[in-house]
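Peer 1: Protein sequence lines, in the order shown, are assigned to chains A and B. Heads up: the first sequence is residues 0 to 413, going by numbering that gives the first Met the number 0. Heads up: the second sequence is residues 0 to 413, going by numbering that gives the first Met the number 0.
Number of protein chains: 2
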Amino acid sequence: MTAIARSDDVRRQNRRLVLGALRDHEQLSRTGLHRRTGLSPSTVSAITSDLIMEAILREQRDPDMPATRRGRPQVALGLNPDAAAIIAVVLSLNSLSASLIDYSGGIIVDRQARLETLGMTRRELVAAAQAMIGELVDHSARTGARVLRIAFAVQGITDSVARTMLWSPISPHSDVAFADAIEDAFGIPVTVENDCNMIAVALQARDSERYRDNFIAVLLSHGIGMGLVIKGDLFTGTRSSAGEFGHMNHVPDGALCRCGRHGCVEAYAGSYAIWRAALCHDPDETPASDVPEQEIASLAHRARERDGPERRAFDKAGEAIGFGLGSLFALIDPAPVAFVGHGAQAIDLLEDPIRRAIAKTAGGQHDAALTFLVEPNEAPLIREGCALRALTYVDREIFSGSPAQPSDARQDVA
Amino acid sequence: MTAIARSDDVRRQNRRLVLGALRDHEQLSRTGLHRRTGLSPSTVSAITSDLIMEAILREQRDPDMPATRRGRPQVALGLNPDAAAIIAVVLSLNSLSASLIDYSGGIIVDRQARLETLGMTRRELVAAAQAMIGELVDHSARTGARVLRIAFAVQGITDSVARTMLWSPISPHSDVAFADAIEDAFGIPVTVENDCNMIAVALQARDSERYRDNFIAVLLSHGIGMGLVIKGDLFTGTRSSAGEFGHMNHVPDGALCRCGRHGCVEAYAGSYAIWRAALCHDPDETPASDVPEQEIASLAHRARERDGPERRAFDKAGEAIGFGLGSLFALIDPAPVAFVGHGAQAIDLLEDPIRRAIAKTAGGQHDAALTFLVEPNEAPLIREGCALRALTYVDREIFSGSPAQPSDARQDVA
DNA sequence: CTATTTTTTTCGAGCCTCGAATTAAAGAGG
DNA sequence: CCTCTTTAATTCGAGGCTCGAAAAAAATAG
Numbered sequence: 000m001t002a003i004a005r006s007d008d009v010r011r012q013n014r015r016l017v018l019g020a021l022r023d024h025e026q027l028s029r030t031g032l033h034r035r036t037g038l039s040p041s042t043v044s045a046i047t048s049d050l051i052m053e054a055i056l057r058e059q060r061d062p063d064m065p066a067t068r069r070g071r072p073q074v075a076l077g078l079n080p081d082a083a084a085i086i087a088v089v090l091s092l093n094s095l096s097a098s099l100i101d102y103s104g105g106i107i108v109d110r111q112a113r114l115e116t117l118g119m120t121r122r123e124l125v126a127a128a129q130a131m132i133g134e135l136v137d138h139s140a141r142t143g144a145r146v147l148r149i150a151f152a153v154q155g156i157t158d159s160v161a162r163t164m165l166w167s168p169i170s171p172h173s174d175v176a177f178a179d180a181i182e183d184a185f186g187i188p189v190t191v192e193n194d195c196n197m198i199a200v201a202l203q204a205r206d207s208e209r210y211r212d213n214f215i216a217v218l219l220s221h222g223i224g225m226g227l228v229i230k231g232d233l234f235t236g237t238r239s240s241a242g243e244f245g246h247m248n249h250v251p252d253g254a255l256c257r258c259g260r261h262g263c264v265e266a267y268a269g270s271y272a273i274w275r276a277a278l279c280h281d282p283d284e285t286p287a288s289d290v291p292e293q294e295i296a297s298l299a300h301r302a303r304e305r306d307g308p309e310r311r312a313f314d315k316a317g318e319a320i321g322f323g324l325g326s327l328f329a330l331i332d333p334a335p336v337a338f339v340g341h342g343a344q345a346i347d348l349l350e351d352p353i354r355r356a357i358a359k360t361a362g363g364q365h366d367a368a369l370t371f372l373v374e375p376n377e378a379p380l381i382r383e384g385c386a387l388r389a390l391t392y393v394d395r396e397i398f399s400g401s402p403a404q405p406s407d408a409r410q411d412v413a
Numbered sequence: 000m001t002a003i004a005r006s007d008d009v010r011r012q013n014r015r016l017v018l019g020a021l022r023d024h025e026q027l028s029r030t031g032l033h034r035r036t037g038l039s040p041s042t043v044s045a046i047t048s049d050l051i052m053e054a055i056l057r058e059q060r061d062p063d064m065p066a067t068r069r070g071r072p073q074v075a076l077g078l079n080p081d082a083a084a085i086i087a088v089v090l091s092l093n094s095l096s097a098s099l100i101d102y103s104g105g106i107i108v109d110r111q112a113r114l115e116t117l118g119m120t121r122r123e124l125v126a127a128a129q130a131m132i133g134e135l136v137d138h139s140a141r142t143g144a145r146v147l148r149i150a151f152a153v154q155g156i157t158d159s160v161a162r163t164m165l166w167s168p169i170s171p172h173s174d175v176a177f178a179d180a181i182e183d184a185f186g187i188p189v190t191v192e193n194d195c196n197m198i199a200v201a202l203q204a205r206d207s208e209r210y211r212d213n214f215i216a217v218l219l220s221h222g223i224g225m226g227l228v229i230k231g232d233l234f235t236g237t238r239s240s241a242g243e244f245g246h247m248n249h250v251p252d253g254a255l256c257r258c259g260r261h262g263c264v265e266a267y268a269g270s271y272a273i274w275r276a277a278l279c280h281d282p283d284e285t286p287a288s289d290v291p292e293q294e295i296a297s298l299a300h301r302a303r304e305r306d307g308p309e310r311r312a313f314d315k316a317g318e319a320i321g322f323g324l325g326s327l328f329a330l331i332d333p334a335p336v337a338f339v340g341h342g343a344q345a346i347d348l349l350e351d352p353i354r355r356a357i358a359k360t361a362g363g364q365h366d367a368a369l370t371f372l373v374e375p376n377e378a379p380l381i382r383e384g385c386a387l388r389a390l391t392y393v394d395r396e397i398f399s400g401s402p403a404q405p406s407d408a409r410q411d412v413a
């Protein structure tokens, strides 16, 4: 709105368009790009020849492909894997993993470690991440790939400006400055993102039919998280990752939540809350720090078999989620909901109470339009989204400006 | 993101920049525009000379102004009032008003009418608006001003795509298609907006120090409404005006709300709810369709004087607002809150319970940063915001494309 | 070996912004 | 009254960018 437009902004924007089309479609000829982007063939030619010169794109001549049609054959263009690399780091409860990923999205190396996140000091947490990243950076140096961006996905609230982890259930420490430390150590720009937001990013890329402009990804796990896409864009708060669906208030002064407050949605719908209620414990009992997945699975099994405290616990959980969604819908309009995470495996127990609760709220007006979708396995989604997010940063910020070094990127091995 | 950029988009964008600067600052010289927008003097010159040629801007030579400084004096530019006109229509309970407004924001004529909105048919509602607009259009025809846009501000939920009033407390009818009917009648583009959103627009323009990038305008009146600005932009839902803060759920299966559901924030904090609670009526009693302002004022008076059901009613109201804001903060981060409307006059009674409730929610973390501001009179804000919104549309959509008619707008009288 | 078809590149026209130089319009001072 | 100084605004050429039309490239069909 308040941004001044110069002539080369046009080129920047159109380069992004081309890179975006190729990120979606893997391979496209110049004609294909012309059709998909709407740019004229001459412009596509100009832009792609620049990008090829800069070794960001490359022609992928397929000698096997027997040209079926008459006429000059199309030559496919694709993102050059060696143009850059990024590192995607996922930090969750007691687990740290990182991947070195090439520019076209292929995994180069993977690292994974178990660690006691709850017992670690602030410094130890950062050091653990830094060590794992260091190994990947070393590896990249050996293969000649230049790591241009590191993206963290962490459980909890992140600050998009200071790029820190503001608060997280995986650690007692607040405001952990991952970005600054890692940036200092490796001289590579770092972003810190919320894990559920990355789930949303991944869903959008995986199935752009279903998840395009407006949808809600709800993570049902030990805690409750959410990633929100509105009008095609990932929604974030004024400053933090926000979208803390799990900590919207469900019952004033209600059950004790892991965050220390009372009555949050999570205090009814998180694994620990279901467990607590199913075992008829005091709702003000301090939440268990971890409940094994099998435990929840067997509670769900019980709940399916017969009426009792287990079924009531899942009913309460569904009700909390439903009222929460209802309030959310009052604010942003109803949208398709994807339930992700192992908690989503009990969706059969949850769906009815969720729908009943939504029907009691403002969102209920459009009930018919509501669709629920289930993706039980969250970890790969987080990894995928995180990697994609980092690559998109590279697309937008690094490869859209023209004054990049022209060649020199061809230093790949072999 | 997916938009292709052409060369003349640059000019379009920069024209908007110039018009926007002049809308904010009333008068600016070309040098002033250069400083404020960052455009080079030559570009400012090119753009402004086009705009003057098209009679969108005009030079405002001030012969009185004794040039205090040495050197060639600056010549002030301003929006040409005769460049266009817009009509701002405000529809609320039992009241319809409309203003014909010139391009620089000055009021040309005003119309106002009392009507029984609750008792009117769908057709009568539209006809009433059409009649009032018709008078203003006639007036504009006599003075030669061309009306380029009509903007409605209505209480209730609006649909930004179909430009209808989806649901409103002022009428039993849903999905009232104001825009289509009015557009057909006058051949002028129409938009339908939510009144609280227009309050937010007006606040942003009035005091851009306080209300710039992130703030929340909450209307405390018979019902509860909200307008939300996030990262400088008015927030709207995926499709409707959304931001239905008043219909977020406060207490599951709680008090009966005007919308027919139970437990909404409004069912505790709306005027009718406070009245109902203060008089110790059943919380499931059908809400009164209107409660006089003096009635509320005297309840507030009572509540200030002594403990009793009145004070408890205001406590409950504040608590509902506080929990609602807390849940909102969980989603978007805390932001300054402006309370608008006659209900805000009891802010002294509400503030404490609001703060106490927020402290119990996720938003409480940043309590210190929370500032409340009070603007008791909502009507002028709605009018102002609505007019500004219409004018901004004209700026963006009509006067940013180059192929406008070059002159012919100079047909002003006298 | 030539004609046809399809893809890609080349080239000139027409935008746009910007910096430098130029012109315009005042006050200051003798 | 005339000239110098200062500030504002315009003009002009350079350098981008996109686009359409025409040309070149690279295959198949006959």
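Beta carbons are placed, not taken as given, at the ideal position from N, Cα and C, and that holds for glycine.
Using the beta-carbon count (16 or more within 10 Å), is Thr120/B buried or exposed?
Peer 2: Translated into positions along the second sequence, residue 120/B becomes position 121. Flag for Thr120/B reads exposed.
Peer 1: With C-beta atoms as the reference, is Gln73/B less than 7 Å away from Thr30/B?
Peer 2: Counting from one through the second sequence, the residue named residue 73/B turns up at place 74. Counting from one through the second sequence, the residue named residue 30/B turns up at place 31. Going by C-beta atoms, Gln73/B is nearer than 7 Å to Thr30/B.
Peer 1: Counting only beta-carbon separations shorter than 7 Å, does Asp418/A have a partner in chain B?
Peer 2: The structure shown does not extend to residue 418/A, since chain A is modelled only from 0 to 413, so the question has no answer here.
Peer 1: Going by Cα to Cα distance, which pick from Val9/B, Ala82/B, Ser48/B is closest to Ile397/B?
Peer 2: Sequence index remark: in the second sequence, residue 397/B carries index 398 (1-based). Checked all of Val9/B, Ala82/B, Ser48/B; the closest Cα to Ile397/B is Ala82/B.
Peer 1: Does DSSP classify Phe371/B as helix, strand or coil?
Peer 2: One-based indexing of the second sequence puts residue 371/B at position 372. Three-state DSSP puts Phe371/B in a strand.
Peer 1: On the DSSP bridge list, what partners appear for Leu56/B?
Peer 2: By 1-based counting over the second sequence, the position of residue 56/B is 57. Paired residues: Leu78/B.
Peer 1: Compute the distance between the beta-carbons of Gly269/B and Ile223/B, then report whether it is under 7 Å.
Peer 2: As a working mapping, residue 269/B is identified with position 270 in the second sequence. As a working mapping, residue 223/B is identified with position 224 in the second sequence. The answer is yes: Cβ separation under 7 Å.
Peer 1: List in chain order: all unbroken beta strand (DSSP E) runs of 3+ residues lying wholly within the segment 171-244 of chain A.
Peer 2: At a cut-off of 3 residues, the continuous stretches assigned as beta strand (DSSP E) that sit fully inside the segment 171-244 of chain A are 189-193, 214-219, 223-229.
Peer 1: Measure from the alpha carbon of Ile132/B to the alpha carbon of each residue in Glu115/B, Ala84/B, Ala287/B, then state which is nearest.
Peer 2: Walking along the second sequence from the start, residue 132/B turns up at place 133. Here the closest residue by C-alpha is Ala84/B.
Peer 1: Is the number of C-beta pairs between the segment 330-340 of chain A and the segment 203-214 of chain A that are closer than 8 Å three or more?
Peer 2: yes
Peer 1: Please name the residue or residues paired with Leu99/B in a DSSP beta bridge.
Peer 2: Translated into the one-based positions of the second sequence, residue 99/B becomes position 100. For Leu99/B, which the question treats as bridged, DSSP gives the partners Ile86/B, Val108/B.
Peer 1: Sorry if obvious, but does the Cβ on Asp8/A come closer than 6 Å to a heavy atom of the ligand ATP?
Peer 2: Judged by which ligands are present, the structure shown has none, so any question about the ligand ATP falls away.
Peer 1: Which of helix, strand or coil does DSSP assign to Thr142/A?
Peer 2: Counting from one through the first sequence, the residue named residue 142/A turns up at place 143. Thr142/A falls in the helix class under three-state DSSP.
Peer 1: Report the three-state DSSP secondary structure of Asn13/A (helix, strand or coil).
Peer 2: Counted from its first residue, the first sequence places residue 13/A at position 14. Three-state DSSP puts Asn13/A in a helix.
Peer 1: Can you find a CB in chain A that lies within less than 7 Å of the CB of Lys359/B?
Peer 2: The count along the second sequence starts at 1 and reaches residue 359/B at position 360. At least one chain A Cβ lies under 7 Å of Lys359/B.
Peer 1: State yes or no: is the C-beta of Gln12/B within less than 7 Å of the C-beta of Ala112/A?
Peer 2: The residue given as residue 12/B occupies position 13 in the second sequence. The residue given as residue 112/A occupies position 113 in the first sequence. For Gln12/B and Ala112/A, no; Cβs fall outside 7 Å.
Peer 1: If you compare alpha carbons, which of Val393/B, Leu18/B, Arg122/B, Val88/B is closest to Leu78/B?
Peer 2: In the second sequence, the residue the question calls residue 78/B occupies position 79. The residue with the shortest Cα to Cα distance from Leu78/B is Leu18/B.
Peer 1: Which residues, taken in chain order from the segment 116-140 of chain A, show a beta carbon closer than 9 Å to some beta carbon of chain B?
Peer 2: The residues in question: there are none.
Peer 1: So, are the CB atoms of Tyr267/B and Lys315/B less than 7 Å apart?
Peer 2: Along the second sequence, read from residue 1 onward, the residue named residue 267/B stands at position 268. Along the second sequence, read from residue 1 onward, the residue named residue 315/B stands at position 316. Yes, the pair counts as a contact, with Cβ atoms nearer than the cut-off.
Peer 1: If contact means a Cβ-Cβ distance below 7 Å, which residues of the segment 33-57 of chain A contact chain B?
Peer 2: Thr36, Gly37, Leu38
Peer 1: Assign Met52/A to buried or exposed, taking buried as 16 or more other Cβ atoms, counted over all protein chains shown, within 10 Å of its Cβ.
Peer 2: Position 53 of the first sequence, counted from the first residue, corresponds to residue 52/A. Exposed, since its Cβ has fewer than 16 Cβ neighbours within 10 Å.
Peer 1: Using beta-carbon positions only, say whether Phe244/A and Pro251/B come within less than 7 Å of one another.
Peer 2: Counting from 1 along the first sequence, the entry for residue 244/A is found at position 245. Counting from 1 along the second sequence, the entry for residue 251/B is found at position 252. No, the pair does not count as a contact, with Cβ atoms beyond the cut-off.
Peer 1: Under DSSP, the alpha helix (DSSP H) around Thr30/A begins and ends at which residues?
Peer 2: Position 31 of the first sequence holds residue 30/A. First-last of the alpha helix (DSSP H) with Thr30/A: 29-36.
Peer 1: Quick one: using the 10 Å Cβ neighbour count with 16 as the cut-off for buried, is Asp158/A buried or exposed?
Peer 2: Numbered from 1 along the first sequence, position 159 holds the residue referred to as residue 158/A. Buried, by the Cβ-count rule.
Peer 1: Which word fits Cys385/A, buried or exposed, when buried means at least 16 other C-beta atoms lie within 10 angstroms of its C-beta?
Peer 2: The residue given as residue 385/A occupies position 386 in the first sequence. Burial call: buried.
Peer 1: Thr30/A CB to nearest chain B CB: under 7 Å?
Peer 2: Along the first sequence, one-based indexing puts residue 30/A at 31. For Thr30/A, the nearest beta carbon of chain B is not closer than 7 Å to its own beta carbon.
Peer 1: Identify the continuous beta strand (DSSP E) that holds Ile397/B and give its terminal residues.
Peer 2: Along the second sequence, one-based indexing puts residue 397/B at 398. Note, Ile397/B: premise wrong, no beta strand (DSSP E); not H, not E.
Peer 1: Would you identify the three-state DSSP class for Met247/A, choosing helix, strand or coil?
Peer 2: Taking the first sequence and counting its residues from 1, the one referred to as residue 247/A is at position 248. Note: Met247/A maps to coil in three-state DSSP.
Peer 1: Identify whether Ala4/A lies in helix, strand or coil by the three-state DSSP scheme.
Peer 2: Taking the first sequence and counting its residues from 1, one reaches residue 4/A at position 5. DSSP places Ala4/A in coil when its eight states are reduced to three.
Peer 1: Starting from Asp281/A and walking both ways along the alpha helix (DSSP H), at which residues does that stretch end?
Peer 2: If you number the first sequence from 1, residue 281/A lands on position 282. Segment: none, Asp281/A is in no alpha helix (DSSP H) and carries neither H nor E.
Peer 1: What are the boundary residues of the alpha helix (DSSP H) that Asp314/B is part of?
Peer 2: Translated into the one-based positions of the second sequence, residue 314/B becomes position 315. Segment 308-331, the alpha helix (DSSP H) holding Asp314/B.
Peer 1: Does DSSP classify Ala152/B as helix, strand or coil?
Peer 2: Here residue 152/B is taken as the residue at index 153 of the second sequence, counted from 1. Three-state result, Ala152/B: strand.
Peer 1: I'd like the list of long-range same chain contacts for Val200/A, defined as Cβ closer than 7 Å, with 5 residues on each side in sequence excluded.
Peer 2: What you label residue 200/A is simply residue 201 of the first sequence in a count that begins at 1. So the list reads Leu233, Gly384, Leu387, Arg388, once near-sequence residues are dropped.
Peer 1: Compute the beta-carbon to beta-carbon distance between Gly242/B and Leu227/B, rounded to the nearest angstrom, for a pair I have assumed lies under 8 Å.
Peer 2: In the second sequence, residue 242/B corresponds to position 243, counting from 1. In the second sequence, residue 227/B corresponds to position 228, counting from 1. Confirmed, Cβ separation roughly 5 Å.
Peer 1: Which residue from Ala2/A, Arg382/A, Arg209/A puts its Cα closest to that of Cys195/A?
Peer 2: Here residue 195/A is taken as the residue at index 196 of the first sequence, counted from 1. It is Arg382/A.
Peer 1: For Asp61/A, name the three-state secondary structure that DSSP assigns.
Peer 2: If you number the first sequence from 1, residue 61/A lands on position 62. DSSP places Asp61/A outside both helix and strand once states are collapsed to three, so it counts as coil.
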